[in-house]
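Participant: For the sequence shown, the positions run 0 to 295 when numbering that gives the first Met the number 0 is used.
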Amino acid sequence: MQGKIIKGIAGFYYVHVEDKGVYECKAKGIFRKDNTKPLVGDDVQLEILSEEEMTGNIVQILSRRSELIRPAVANVDQAVIIFAITKPSPNLNLLDRFLVMMKSQDLPCIICFNKLDIADPAQQEHLRSIYEPCGYQVLFVSAKEAVEHPETLDPLRQILKGKTTTVAGPSGVGKSSLINSLQSDVCMETGEISSKIERGKHTTRHSQLIALSSGTYIMDTPGFSSLGLFDMEKEDLQQYYPEFAEYEVECKFGGCSHISEPVCGIKEAVKAGKIAKERYENYKLLYEELKSKKKF
Ligand code: GDP
0 MQGKIIKGIA
10 GFYYVHVEDK
20 GVYECKAKGI
30 FRKDNTKPLV
40 GDDVQLEILS
50 EEEMTGNIVQ
60 ILSRRSELIR
70 PAVANVDQAV
80 IIFAITKPSP
90 NLNLLDRFLV
100 MMKSQDLPCI
110 ICFNKLDIAD
120 PAQQEHLRSI
130 YEPCGYQVLF
140 VSAKEAVEHP
150 ETLDPLRQIL
160 KGKTTTVAGP
170 SGVGKSSLIN
180 SLQSDVCMET
190 GEISSKIERG
200 KHTTRHSQLI
210 ALSSGTYIMD
220 TPGFSSLGLF
230 DMEKEDLQQY
240 YPEFAEYEVE
250 CKFGGCSHIS
260 EPVCGIKEAV
270 KAGKIAKERY
280 ENYKLLYEEL
290 KSKKKF
């Protein structure tokens, strides 16, 4: 039987099998020999020990499409990053940090701004004008309105459908409210999952996938607020700013860092309003951070 690991804790793996439920499994010793450890997100082959108790053994890990380092999870297709348009107003440095981190791991990112119901349209347009020109899909939603009008979340559902998505964002932006409304769609189907796996604040340190519908999983990304850029050279940072590419040709010096060099296409584009000032200012901050970082 085939399933997907949705949670791993203390040597046990919880494997979701469509139309059946969640099996509590152990990984057989064979994995230790070839130095692979099952990861949350892995598609695995199971050997059932007891249908009644829903227990089994993982006997094979199917080949991974991708593997993220932080958080450690396999087969993630994309990230949805959630911020509030207001209350709290978005920390764009944190947003850019996340976008850079995901781009450096080749993971597509979608930006979702919540609390549309209390937002000033000018704030909304401002955020759109910063991120859409960079090539990101930007959604505006209201978890609050979605309670009465669930169809307002359809564009988000469409993005999630059939994929495994890591959902990230600082606290207070409405992540739980949004995840709850997406989950309530399938509450009946996944009821058994929630009863098998305790959910709650104390379990959020562990990465865990939530099954939404057939082949659709989301993962709440823990530890988001202190996102460090890891293993990155300051010279590589610029390649994770998609909007820089078309202006680089104007730089006089090869290997221009766009910080202090004269005749810089990026700085000119910022002056001309073609690259958002906010993005460039955050680029400089991250560049300085990488410059002063000790290797670990
Ligand atoms: P989390 O910390 O990101 O998981 O955020 P929560 O889902 O706990 O929400 C934080 C606060 O924002 C709560 O008081 C929610 O009621 C409120 N909230 C969440 N979504 C919305 C929304 O769309 N509009 C408004 N006005 N408030 C919201």
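C-beta: ideal position from N, C-alpha, C; glycine also. Note that this is a predicted model, so its numbers are computed, not measured.
Is DSSP giving D42 helix, strand or coil here?
Facilitator: Strand.
Participant: Given a threshold of 16 other Cβ atoms within 10 Å of its Cβ, counted over all protein chains shown, does S213 qualify as buried or as exposed?
Facilitator: With fewer than 16 other Cβ atoms within 10 Å, it is exposed.
Participant: Distance check for Q77 and G134, CA to CA, integer angstroms please.
Facilitator: Going by the C-alpha atoms only, they are around 15 Å apart.
Participant: Excluding the 5 residues preceding and the 5 following H15 in the sequence, name in chain order all residues of the same chain whose CB lies nearer than 6 Å to its CB.
Facilitator: For H15, where only same-chain residues beyond five positions count, the Cβ hits under 6 Å are G2, K3, I5, V21, A210.
Participant: Could you tell me the alpha carbon to alpha carbon distance between N34 and G28, rounded to whole angstroms?
Facilitator: If you take the alpha carbons of N34 and G28, they lie about 10 Å apart.
Participant: Mark H257 as exposed unless 16 or more other C-beta atoms lie within 10 angstroms of its C-beta, in which case mark it buried.
Facilitator: Buried, since its Cβ has 16 or more Cβ neighbours within 10 Å.
Participant: If distances are taken between C-alpha atoms only, which option among S180, K160, E46 comes closest to K143?
Facilitator: Taking only the C-alpha atoms, the option nearest K143 is S180.
Participant: For S66, which beta-bridge partners are listed by DSSP?
Facilitator: Note on residue identity: the sequence assigns Glu, not Ser, to residue 66. E66 pairs with A73.
Participant: Taking the C-alpha atoms as reference points, what is the distance between Q104 and F82?
Facilitator: Taking the straight line joining both Cα atoms gives about 21 Å.
Participant: Please classify M0: is it buried, with 16 or more other beta-carbons within 10 angstroms of its beta-carbon, or exposed?
Facilitator: It counts as exposed.
Participant: Just the C-alpha distance for R64 and A73, rounded to the nearest angstrom, thanks.
Facilitator: C-alpha separation (whole angstroms): 7 Å.
Participant: Using CA coordinates, which residue listed in P261, S141, M231 is at the minimum distance from E288?
Facilitator: It is M231.
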